[in-house]
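If you're matching positions, the sequence shown starts at 1 in UniProt numbering and goes up one per residue. Glycine included, each C-beta is placed from N, C-alpha and C at the ideal position. A quick write-up on the structure given underneath.
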Amino acid sequence: MAIPTPIPTRVFSSGFSTATPDSPFTCITIKFSSTITHFPFGFSPNKLHLRPLLNTTRNFCAMATGVQEVLPPPLTSTSSPPSLFDGAIRLYISYTCPYAQRVWITRNCKGLQDKIQLVPIDLKDRPSWYKDKVYPPNKVPALEHKNEVRGESIDLIKYIDSHFEGPSLSPSSGPAKEFAEELLSYTDTFYKTVVSSFKGDNLTEACTAFDYIETVLSKYDDGPFFLGQFSLVDIAYAPFIERFQLFLMDVKNYDIGFGRPNLAAWLEAMNNIDGYKVTRSNPKELVESYKNRFLANL
1 MAIPTPIPTR VFSSGFSTAT PDSPFTCITI KFSSTITHFP FGFSPNKLHL RPLLNTTRNF
61 CAMATGVQEV LPPPLTSTSS PPSLFDGAIR LYISYTCPYA QRVWITRNCK GLQDKIQLVP
121 IDLKDRPSWY KDKVYPPNKV PALEHKNEVR GESIDLIKYI DSHFEGPSLS PSSGPAKEFA
181 EELLSYTDTF YKTVVSSFKG DNLTEACTAF DYIETVLSKY DDGPFFLGQF SLVDIAYAPF
241 IERFQLFLMD VKNYDIGFGR PNLAAWLEAM NNIDGYKVTR SNPKELVESY KNRFLANL
């Protein structure tokens with residue numbers, strides 16, 4: 001499966017920064033193909049119209065970066081620290097943490113694999129120096145940049161987007177920016193609402209949360225993403241929807257995309273963005289992790 005071909009109002013081109021009157025983004029992001037799909041004047045394609053136009057943009061972030069990397073092993077309590085505060089830019093993550101995954105995706109989709117070094121931490125066997133010398137809250141993600149360490153995933157994805165080169169992943173101003181902030185603020189509520197339905201047989205609260213996602217995905221009809229084109233909002237939601245989809249299908253036999261065409265199109269689109277795909281964990285391990293976390297005492 002692949003994500004829809006971009007339409008003329010969102011023709012993306014790597015390495016340049018431009019704006020169009022109808023675009024909420026001041027950047028131009030990625031040009032996927034020299035072929036442009038033309039629609040009749042006044043035609044506004046929705047997500048269902050876009051679904052047949054697949055394959056051209058499937059490697060959005062891979063084409064943005066052209067970088068393949070070998071992931072380092074997680075550091076444990078027996079691991080020595082890196083050379084801290086030596087001018088290198090380091091992103092401390094866990095390969096299994098959804099909050100860290102947000103920042104990892106952002107780093108990939110900005111094309112910063114060569115600039116921001118991944119430092120994975122084993123959360124079950126954390127090195128003492130991480131808390132003592134790097135990040136006292138002892139959590140991931142954290143970013144070491146310019147002799148400072150910053151945390152909190154939403155803050156970090158915004159920081160990386162605004163302080164580093166690469167395609168912009170945020171609207172610069174206007175209603176789209178306000179809508180993006182509204183959706184980013186809702187992520188915690190969305191998470192708590194869905195997980196509240198994990199114990200027991202009543203999925204009403206989870207269904208309501210996914211219905212809300214289905215509704216907001218209909219606001220922009222020029223692409224399958226929350227703001228039409230790929231943005232930090234998609235990155236903020238992806239790690240959690242990834243886990244919810246797998247867990248609810250396995251445990252509740254509940255397909256979150258069934259009867260929700262916008263959400264189904266979004267899932268299809270996200271699963272074909274390489275900057276996201278390389279961050280995904282083993283599905284069976286994710287499901288088992290959620291079972292142990294939410295169902296162990298039932």
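Residue i versus the options, residue with shortest Cα-Cα distance
i      : options                           : result
Phe230 : Asn272, Phe247 and Phe240         : Asn272
Ser281 : Ala265, Glu242 and Glu268         : Glu242
Leu246 : Thr279, Leu286 and Ala209         : Leu286
Pro261 : Tyr254, Glu214 and Tyr290         : Glu214
Leu232 : Lys291, Thr208, Phe210 and Ser172 : Ser172
Val216 : Ala269, Tyr186 and Glu144         : Tyr186
Gly259 : Ala180, Gly275, Phe198 and Cys207 : Cys207
Asp211 : Gly200, Glu69, Asp255 and Lys199  : Asp255
Ala209 : Ser162, Asp234, Val251 and Lys192 : Lys192
Asn292 : Lys199, Ala238, Tyr220 and Asp234 : Lys199
Tyr130 : Val251, Leu75, Gln68 and Lys252   : Leu75
Gln113 : Asp161, Glu182 and Glu69          : Glu69
His163 : Ile89, Lys277, Met270 and Asn253  : Ile89
Phe179 : Met270, Tyr220 and Thr279         : Tyr220
Lys284 : Ala265, Leu263 and Val251         : Val251
Boundaries (first-last residue) of the beta strand (DSSP E) holding residue i
i      : result
Gln117 : Ile116 to Pro120
Arg150 : Glu148 to Gly151
Ile93  : Ile89 to Ile93
Leu143 : Ala142 to His145
Residue environment, residue i, which counts as buried when at least 16 other CB atoms sit within 10 Å
i           : result
Phe39       : A caution first: Phe39 carries a pLDDT of 32, below 50, which makes its placement in the model too unreliable to give a value.
residue 299 : Outside the shown range of the chain, which is 1 to 298, sits residue 299, and nothing can be said about it.
Asn108      : buried
Pro73       : exposed
Leu71       : exposed
Gln101      : buried
Leu295      : exposed
Asp125      : exposed
Ser77       : exposed
Ile28       : Note that Ile28 scores a pLDDT of 31, beneath 50, so its modelled location is shaky and nothing firm can be said.
Leu84       : exposed
Asp222      : buried
Leu234      : First, the residue type needs correcting, since residue 234 is Asp and not Leu in the sequence shown. Under this definition Asp234 is a buried residue.
Lys139      : buried
Asp86       : exposed
Ile201      : A small correction: the amino acid at residue 201 is Asp; Ile does not occupy that position in the sequence shown. Per the 10 Å Cβ criterion, exposed.
Asp161      : buried
Extent of the continuous alpha helix (DSSP H) run through residue i
i      : result
Ala236 : Leu232 to Lys252
Ser187 : Looking at the sequence shown, residue 187 is not Ser but Thr. First-last of the alpha helix (DSSP H) with Thr187: Gly174 to Val195.
Tyr220 : Where Tyr220 is concerned, there is no enclosing alpha helix (DSSP H), given that its DSSP letter is neither H nor E.
Cys207 : Thr204 to Val216
Val103 : Pro98 to Cys109
Leu71  : Premise fails: Leu71 is in no alpha helix (DSSP H) and is neither H nor E.
Leu263 : Pro261 to Met270
Tyr276 : Asp274 to Lys277
Ser289 : Pro283 to Phe294
Proximity below 8 Å, CB of residue i to CB of residue j
i      : j      : result
Thr81  : Lys146 : In the sequence under discussion, the amino acid at residue 81 is Pro, which differs from the Thr named in the question. Contact: no.
Gly166 : Gly111 : yes
Phe244 : Val194 : yes
Trp104 : Leu123 : no
Leu267 : Gly275 : no
Presumed contact (8 Å Cβ cut-off) between residue i and residue j, rounded CB distance
i      : j      : result
Ser94  : Ile121 : 6 Å
Tyr135 : Val149 : 5 Å
Ala176 : Leu227 : 6 Å
Phe240 : Pro98  : 6 Å
Ile157 : Thr106 : 4 Å
Pro137 : Ser79  : About 19 Å; that fails the 8 Å criterion.
Thr96  : Ser289 : 7 Å
Tyr159 : Leu143 : 7 Å
Ser196 : Leu203 : In fact, because the Cβ distance is near 10 Å, the residues do not count as touching under 8 Å.
Any non-hydrogen atom of the ligand NAP within 7 Å of residue i CB
i      : result
Thr208 : Among the components of this structure there are no ligands whatsoever, and the ligand NAP is therefore not found.
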